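Working notes, beginning with the structure itself.
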Amino acid sequence: MIRVLLVEDDKLVRKSLISSFNWEAFDMKVVGDAKHGEKALEFLEAEEVDLIITDLAMPIMSGTELIRKVKEKYSDIHVVVLSLHRDFDYIQEAMRLGAIDYIAKVELDNEEMDKTLKRIHDRIKLDEQPLRSTEKTEIQAVNKGYFLITDEEIDKYEKRFRNEFTTLSIVVLGVNVLYIDYEVNITDVKKHATSELHPNEQILLVEIDSNHKLEMNELESFVRKYIDSIFFYEVEKTGILSFYTLKSANIIRSRATKEEIQKLKEELISLKWCRSDDLLEKTLYDLRELRLAKNKLMSLLLLTIHECRRIYADILAVDLSLPDEFRSWQEVEKWFRETKEIIHQKIFYTSVSEETTACIIEAIQIIEKKLDTSITANEIAKDVNMSRSYFSICFKQVVGNTFNEYVRVARIRKAKNFLLFTTEKVSVISEKVGYADVKYFSKVFKKSTGLLPSEYRKQQSKE
Numbered sequence: 001m002i003r004v005l006l007v008e009d010d011k012l013v014r015k016s017l018i019s020s021f022n023w024e025a026f027d028m029k030v031v032g033d034a035k036h037g038e039k040a041l042e043f044l045e046a047e048e049v050d051l052i053i054t055d056l057a058m059p060i061m062s063g064t065e066l067i068r069k070v071k072e073k074y075s076d077i078h079v080v081v082l083s084l085h086r087d088f089d090y091i092q093e094a095m096r097l098g099a100i101d102y103i104a105k106v107e108l109d110n111e112e113m114d115k116t117l118k119r120i121h122d123r124i125k126l127d128e129q130p131l132r133s134t135e136k137t138e139i140q141a142v143n144k145g146y147f148l149i150t151d152e153e154i155d156k157y158e159k160r161f162r163n164e165f166t167t168l169s170i171v172v173l174g175v176n177v178l179y180i181d182y183e184v185n186i187t188d189v190k191k192h193a194t195s196e197l198h199p200n201e202q203i204l205l206v207e208i209d210s211n212h213k214l215e216m217n218e219l220e221s222f223v224r225k226y227i228d229s230i231f232f233y234e235v236e237k238t239g240i241l242s243f244y245t246l247k248s249a250n251i252i253r254s255r256a257t258k259e260e261i262q263k264l265k266e267e268l269i270s271l272k273w274c275r276s277d278d279l280l281e282k283t284l285y286d287l288r289e290l291r292l293a294k295n296k297l298m299s300l301l302l303l304t305i306h307e308c309r310r311i312y313a314d315i316l317a318v319d320l321s322l323p324d325e326f327r328s329w330q331e332v333e334k335w336f337r338e339t340k341e342i343i344h345q346k347i348f349y350t351s352v353s354e355e356t357t358a359c360i361i362e363a364i365q366i367i368e369k370k371l372d373t374s375i376t377a378n379e380i381a382k383d384v385n386m387s388r389s390y391f392s393i394c395f396k397q398v399v400g401n402t403f404n405e406y407v408r409v410a411r412i413r414k415a416k417n418f419l420l421f422t423t424e425k426v427s428v429i430s431e432k433v434g435y436a437d438v439k440y441f442s443k444v445f446k447k448s449t450g451l452l453p454s455e456y457r458k459q460q461s462k463e
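Quick note: the sequence shown uses UniProt numbering, first residue 1, plus one each step.
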């Protein structure tokens, strides 16, 4: 059983999270809750916890500070971030600190939460498994090419061991760790490593600027982290010995700018890459050229999946998901090609042309961004360079609803999430979903759900 601690400053949100979802179905049990980071740390002193789900913005001790302290003191505890933010920077910061996933408060429903809990459950169970023999074989098969190790881990360990020794060298034979004394000349180390090489076995030598002697268990733990972080974009299946240092040009460190990542994120969410093989290859090329670290790549794809589920919920009747991990760039390409075919079948196989369908998809993205305004079909039609009448016809053919009905459903769905996972006033929520008149909003909401917004919030908090 995975023991869960919920950390959220809003009591109503904590109560909703505990009562609204089927934790037991995913071998989870909420064993406690806390209103800020300090209370969470007090709970951890007394109780065993496997998973923390924490908000980021909290008084006294924020979620980011809590993650830092948990990773320092309780490294085996997994952390998932609960946030109102969908911005890549927020998610990447959480992942950098050690979070394994994130949950967007205002986008949750029972079905979406079930998918999220399953993904988290599978990730935790995977991390609990010992290094499998197949993984050992794959590690040994990586012998000449480029290894991607996260900047964060490099910086973390460089800072940690900058005390007493100038150099600490680590040799990995398969998954066996050899300690090389710092006084050994690096040429002798390479010579020694070569002499230890067995047929069909490769060696990864990692050199770290260091001033602090490692105990063997720390050393092995450190190496295993690097083994897990190794992610190859280019690998040859033959070769003898590869020698790398952390400051060597052979190790690729992600140099992608925030602007480049944001541009690619928008390209992925646009689904243009699903229209044709040529557009897919262009997207794959752009993604590969960024040379993102493994954790950054997974964060970007995870965000893309979440955004696509949210934006295209009414037209993409298929469960998009990521594997627990990618072991090679080839697996990334395979996932993209399979996903492209699924989306292409669901969206682009309609009675309208692919170009027109692409315009409707663009329109849906614009609608999602403007739900808090008084949008009209005429305005959106102009945004995608279509006539008002033709746009309305094509919109219904692709989406299945009229423009006005689609906007109404999207607004009510967003309002439900605000009511369930925030304590904002109904009047504020009304404005956030595009209704300036709160009385009219309440009328539309009741017509859709059978309840007034306040009644819906009260009912959901009791369940």
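Glycine included, C-beta positions come from ideal geometry on N, C-alpha and C. Quick caveat: nothing in here was measured; it's all calculated off a predicted structure.
Per DSSP, cross-strand counterpart(s) of residue i
{"i": "Val7", "result": "Ala34, Thr54"}
{"i": "Met28", "result": "Ile2"}
{"i": "Ser321", "result": "DSSP, once it has assigned bridges, lists no residue as partnering Ser321."}
Close beta carbons around residue i, own chain, < 8 Å, minus the five adjacent residues each side
{"i": "Leu316", "result": "Cys308, Arg309, Ile343, Lys346, Ile347"}
{"i": "Val399", "result": "Asp314, Ile315, Ile360, Ile364, Tyr406"}
Range covered by the alpha helix (DSSP H) that runs through residue i
{"i": "His306", "result": "294–311"}
{"i": "Leu82", "result": "It is not in any alpha helix (DSSP H) - Leu82 instead sits in the beta strand (DSSP E) that spans 78–83."}
{"i": "Val70", "result": "63–73"}
{"i": "Val426", "result": "426–432"}
{"i": "Leu279", "result": "277–290"}
{"i": "Gln397", "result": "388–399"}
{"i": "Thr449", "result": "438–449"}
{"i": "Glu405", "result": "403–421"}
{"i": "Asn22", "result": "Looking at the DSSP string, Asn22 is not in any alpha helix (DSSP H), and its letter there is neither H nor E."}
{"i": "Ile366", "result": "354–369"}
{"i": "Glu48", "result": "Premise fails: Glu48 is in no alpha helix (DSSP H) and is neither H nor E."}
{"i": "Asp383", "result": "377–383"}
{"i": "Ile269", "result": "258–270"}
Limits of the unbroken beta strand (DSSP E) element including residue i
{"i": "Asp101", "result": "101–104"}
Own chain, CB closer than 6 Å to residue i, minus 5 neighbours either side, in chain order
{"i": "Gly63", "result": "Thr54, Asp55, Leu56"}
{"i": "Asp122", "result": "Asp324"}
{"i": "Val444", "result": "none"}
{"i": "Ile60", "result": "His36, Glu38"}
{"i": "Glu338", "result": "none"}
{"i": "Trp273", "result": "Leu279, Leu280, Thr283"}
{"i": "Leu126", "result": "Asp324"}
{"i": "Arg457", "result": "Leu419"}
CA-to-CA distance, residue j to residue i, given in whole angstroms
{"i": "Phe43", "j": "Ala34", "result": "8 Å"}
{"i": "His36", "j": "Tyr102", "result": "18 Å"}
{"i": "Lys425", "j": "Asn401", "result": "30 Å"}
{"i": "Pro453", "j": "Ile18", "result": "21 Å"}
{"i": "Lys39", "j": "Leu279", "result": "50 Å"}
{"i": "Asn430", "j": "Ile412", "result": "As written in the sequence, residue 430 is Ser, which differs from the Asn given in the question. Approximately 10 Å, taken between the alpha carbons."}
{"i": "Asp27", "j": "Asp319", "result": "22 Å"}
{"i": "Ser276", "j": "Lys282", "result": "10 Å"}
{"i": "Ser353", "j": "Phe395", "result": "12 Å"}
{"i": "Glu93", "j": "Ile100", "result": "11 Å"}
{"i": "Glu112", "j": "Arg119", "result": "11 Å"}
{"i": "Leu264", "j": "Gly98", "result": "24 Å"}
{"i": "Arg288", "j": "Gly450", "result": "49 Å"}
{"i": "Ile124", "j": "His78", "result": "7 Å"}
{"i": "Asn417", "j": "Lys340", "result": "29 Å"}
{"i": "Ser20", "j": "Lys11", "result": "14 Å"}
{"i": "Met298", "j": "Gln262", "result": "15 Å"}
{"i": "Leu82", "j": "Ala104", "result": "6 Å"}
Residues of its chain near residue i, where Cβ-Cβ distance is below 7 Å and the 5 sequence neighbours each way are ignored
{"i": "Ser16", "result": "Leu420, Phe421, Gln460, Ser461"}
{"i": "Lys48", "result": "First, the amino acid is wrong: residue 48 is Glu here, not Lys. Excluding positions up to five away in sequence, the list reads Arg3."}
{"i": "Arg14", "result": "Leu6, Glu8, Asp33"}
{"i": "Leu301", "result": "Leu322"}
{"i": "Glu388", "result": "Looking at the sequence provided, one finds Arg at residue 388 rather than Glu. Correct list, in chain order: Ala377, Asn378, Ala381."}
{"i": "Tyr312", "result": "Ile364"}
{"i": "Val31", "result": "Arg3, Val4, Leu5, Glu47, Val49"}
{"i": "Lys370", "result": "none"}
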